[in-house]
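Asker:
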Amino acid sequence: MKLSDEEQAMRGGEFGPLRQWAVEHQIKVGTYLGAADFVPVTQAHIMADTESLGRAGVEWLEHWTALPPAQRRVRIPTITDPRGTDFAHAQKLKQQSWMLELERRAIAAFEALGVLMTDTCINYQTIMPPVRGEHVAYGDTGVVIYCNSVCGARSNFEGGPSALSAGLTGRTPRYGYHLDAQRHATFVIELSSTPRELSDWGALGGLVGRLAGDYSQVPALVGIDRVPGPDELKHFGAALASFGSVALFHIAGVTPEAVQLADVIAEGSALTTHAIGEADLRAFQARYASDVGAVDLVVFSAPQLSLMEMRTLAGLLDGRNAEIPLLAITSPQVKPDCDRLGLTAQIEAAGGTVLSGMCFYQSYAREMAEANGWHRLATNSAKLVNIIGGYGYRPVLLSMAQCVEAACAGGKLIARTRS
Amino acid sequence: MSGEIFYAAAGMGRKVRARALVASDGFSARYDLDRVRGVFSRPEHKLAGQSYQDRVLVLDAAKGGVATAWMLHEMKARGVMPAALVLNRVNPIMVQGAALADFTMLSGFDCDITKAIADGVEVEVEPGGERPFIRTV
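Next up, the structure:
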């Protein structure tokens, strides 16, 4: 990779050993992935729950905190993805004290590095959405795909070590979705039915993700009969990234780089078109635990819920009683508004629990299952359905309203498919 | 089959020799593994229930979220990890994770590497040099 004078100086250790490690890490990654040079970035977002970090990762972070502040602090705004707990409810979730201690140590280490502990995977709805053409280094895959596609920003999937490196160096290797040539569509999806429920948007993301298959693929969607809302695109993107490792999509007439489909098709390329309709969405949904007659808990998470999702949930639960655990997980930015507007009280009066700053699958999901006897889980998040099976759960994908019905019927699944 | 060699577009880490564990399926440390027991745990994965400890994983594509970037480092610290990862198609997270953990990885072949390497055979992975490769021994 071609290095500037400043990058050479970082590599030579003139800015201290942490920035030296960071730029060396980035050069190793950039070289593997064919980057010619670095691109300056304006924001970084770090995924670093302690289930992923482990003790080794926390100790690795801590050993840098002994450096002087000038050598250890990030140089661009750097924020965090959800943590592995909500300390206020950890006991209720039966999380163990060693998990909380590890979380506290990780938080202290990140704070010493100058990282803002925002603990959210919906920063594009709550913190500082990037603008079209802005180069950033974002960590959660759902964050990356939303910001690339809906905002028109430019980021690759930056795992924790690389996002931290970008925060420390203010740049990232220029490959993948920082390049114009990588942002063209590689296949087309023709929809004959526009999804309605958030779970349907997630199912669509899952279907397209399976067709895509890898990180280099960029789907372009046509046939949508209305402009989707931010929460709909959030669920679509999160599932697409989860099932397909996809980081960018276009929707003709909706997303900023695709005013028309032709805008995102490279000259002379002939793309394959796949058709997806209502029956495909229902079949996708039916794949998950079709023989499950009842669930042990209901989880709304992955991504964290927006204020509007929290309002919808509170409305569905109004005057009802959840007879099994119902967890609604939002961000630390949305939670105070939920408290102030009475939504938290409404959800909790119906037996639900509102959690903040965590994400269900990033919070020792296997250990929580064992401690609480949880096995069968209902959610409206296709992303969560995709992930949580590996943690020993049997997930069921339902609409938000169907999830609430199940919770209020003691977990019994009454209507699995919409008529 | 012994002595067949397959060159990769890119490689990282150290030379290793171990038995291959092969499937035409993806890889994500968070989605697919029980990292405490050292087995594939996602029920739908073609290697579900099998141990990955000290095996050269030969799989199709990197999948899932960003957690693998930390998890390879964590797995290595506990000593419960594969010997190497060999993929047809990689994503940045695998590269970032391998870079942090100093983990051996190859990706990008002229053929489908999951069809070219038989499950259970002894292989050597050489990620360094001008032309990184995997070969049966």
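Quick note, the sequences are listed as chains A and B, same order. Per my numbering, the very first residue in the first sequence carries number 60; after that it's consecutive. Per my numbering, the very first residue in the second sequence carries number 1271; after that it's consecutive. We put the CB at the ideal spot given by N, CA and C, even for glycine.
Measure from the C-beta of Gly-296/A to each C-beta in chain D and report whether the shortest distance is under 8 Å.
Answerer: In the displayed structure, chain D is absent; the protein chains listed are A and B.
Asker: Assign Ile-383/A to one of three DSSP states: helix, strand, or coil.
Answerer: coil
Asker: Which same chain residues, not among the five before or five after Pro-189/A, have their C-beta less than 6 Å away from its C-beta?
Answerer: Val-195, Cys-206, Cys-210 and Ala-212
Asker: Could you check whether the Cβ of Thr-476/A sits closer than 8 Å to any Cβ belonging to chain B?
Answerer: Confidence at Thr-476/A is low in this model, with a pLDDT of 48, below 50, so its placement is unreliable and the value that follows should be read with caution. False, the Cβ-Cβ gap to chain B never drops below 8 Å.
Asker: Does chain A have any CB closer than 8 Å to the CB of Tyr-1277/B?
Answerer: no
Asker: Given that Ala-1347/B touches chain A, what residues does it touch there, using C-beta distances under 7 Å?
Answerer: Gly-113 and Ala-115
Asker: Count the other CB atoms, across all protein chains shown, that sit within 10 Å of the CB of His-122/A; report buried if there are 16 or more and exposed otherwise.
Answerer: exposed
Asker: Between which two residues does the alpha helix (DSSP H) carrying His-243/A extend?
Answerer: The continuous stretches of alpha helix (DSSP H) do not include His-243/A, and DSSP gives it neither H nor E.
Asker: With burial defined as no fewer than 16 other Cβ atoms inside 10 Å of the residue's Cβ, what is the status of Lys-87/A: buried or exposed?
Answerer: buried
Asker: Kindly indicate which three-state DSSP category Tyr-420/A falls into: helix, strand or coil?
Answerer: helix
Asker: On the CB-based measure, 16 or more other CB atoms within 10 Å of its CB, does Thr-245/A come out buried or exposed?
Answerer: buried
Asker: Helix, strand or coil: which one does DSSP assign to Asp-1304/B?
Answerer: strand
Asker: Could you check the C-alpha separation between Asp-396/A and Asp-145/A for me, to the nearest Å?
Answerer: If you take the alpha carbons of Asp-396/A and Asp-145/A, they lie about 17 Å apart.
Asker: Using the beta-carbon count (16 or more within 10 Å), is Asp-108/A buried or exposed?
Answerer: Burial call: buried.
Asker: Helix or strand or just coil, what does DSSP make of Thr-438/A?
Answerer: strand
Asker: Just to confirm, is the Cβ distance from Val-387/A to Phe-419/A under 8 Å?
Answerer: Before going on, a small fix: residue 387/A reads as Ala here, not Val. Cβ distance not < 8 Å, so Ala-387/A and Phe-419/A don't count as in contact.
Asker: Can you name the start and end residues of the beta strand (DSSP E) that Thr-124/A belongs to?
Answerer: Taken as a continuous stretch (DSSP letters only), Thr-124/A belongs to no beta strand (DSSP E), as it is neither H nor E.
Asker: Please list the residues of the region 429-447 of chain A that have a C-beta atom closer than 8 Å to any C-beta atom in chain B, keeping them in chain order.
Answerer: Asn-445 and Ile-446
Asker: In whole angstroms, what is the alpha-carbon distance linking Ile-310/A and Gln-155/A?
Answerer: 44 Å
Asker: Is the separation between the beta-carbon of Gly-268/A and that of Ala-298/A shorter than 8 Å?
Answerer: yes
Asker: When you compare only the Cα positions, how much space is there between Gly-75/A and Ala-68/A?
Answerer: 10 Å
Asker: Could you give the C-beta distance for Gly-116/A and Glu-1396/B, rounded to a whole number, given that I count them as a contact under 8 Å?
Answerer: That belief does not hold up - the Cβ atoms of Gly-116/A and Glu-1396/B are roughly 29 Å apart, past 8 Å.
Asker: Can you name the start and end residues of the alpha helix (DSSP H) that Ile-1383/B belongs to?
Answerer: 1383-1386
Asker: Assuming Thr-124/A and Leu-172/A make a contact with CB atoms under 8 Å, what is their CB distance in whole Å?
Answerer: 7 Å
Asker: Closer than 7 Å, Cβ to any Cβ of chain A: which residues of the region 1342-1372 of chain B, in chain order?
Answerer: Hits within the stretch, in order: His-1343, Glu-1344, Ala-1347, Arg-1359, Asn-1361, Pro-1362, Ile-1363, Val-1365, Gln-1366, Gly-1367, Ala-1369 and Leu-1370.
Asker: Nearest to Gly-113/A by alpha carbon, out of Arg-1348/B, Ala-1288/B, Gly-1367/B and Asp-1295/B?
Answerer: In terms of CA proximity to Gly-113/A, Arg-1348/B leads the group Arg-1348/B, Ala-1288/B, Gly-1367/B and Asp-1295/B.
Asker: For His-194/A, name the three-state secondary structure that DSSP assigns.
Answerer: DSSP places His-194/A in strand when its eight states are reduced to three.
Asker: Give every residue of the same chain whose Cβ lies closer than 6 Å to the Cβ of Glu-337/A, excluding the five residues on either side of it in the sequence, and list them in chain order.
Answerer: Ser-252
Asker: Could you have a look at Asp-322/A and say whether DSSP puts it in helix, strand or coil?
Answerer: helix
Asker: Who are the neighbours of Leu-92/A on chain B, taking C-beta pairs under 9 Å?
Answerer: Ala-1280, Val-1360, Pro-1362 and Val-1365
Asker: If you draw a straight line from the alpha carbon of Asp-290/A to that of Phe-1310/B, how long is it in whole angstroms?
Answerer: 33 Å
Asker: Could you tell me which residues DSSP puts in a beta bridge with Phe-1310/B?
Answerer: Leu-1303/B
Asker: Within the region 255-334 of chain A, note down every full alpha helix (DSSP H) run reaching 4 residues or more, in order along the chain.
Answerer: 257-271 and 289-303
Asker: Let me make sure I understand the geometry here. Which of Glu-73/A, Leu-152/A and Ile-324/A has the alpha-carbon closest to that of Ala-428/A?
Answerer: Leu-152/A
Asker: When DSSP labels each residue in this structure, what does Thr-389/A get in the three-state scheme?
Answerer: strand
Asker: Leu-1357/B bridges to which residues according to DSSP?
Answerer: Leu-1329/B and Ser-1377/B
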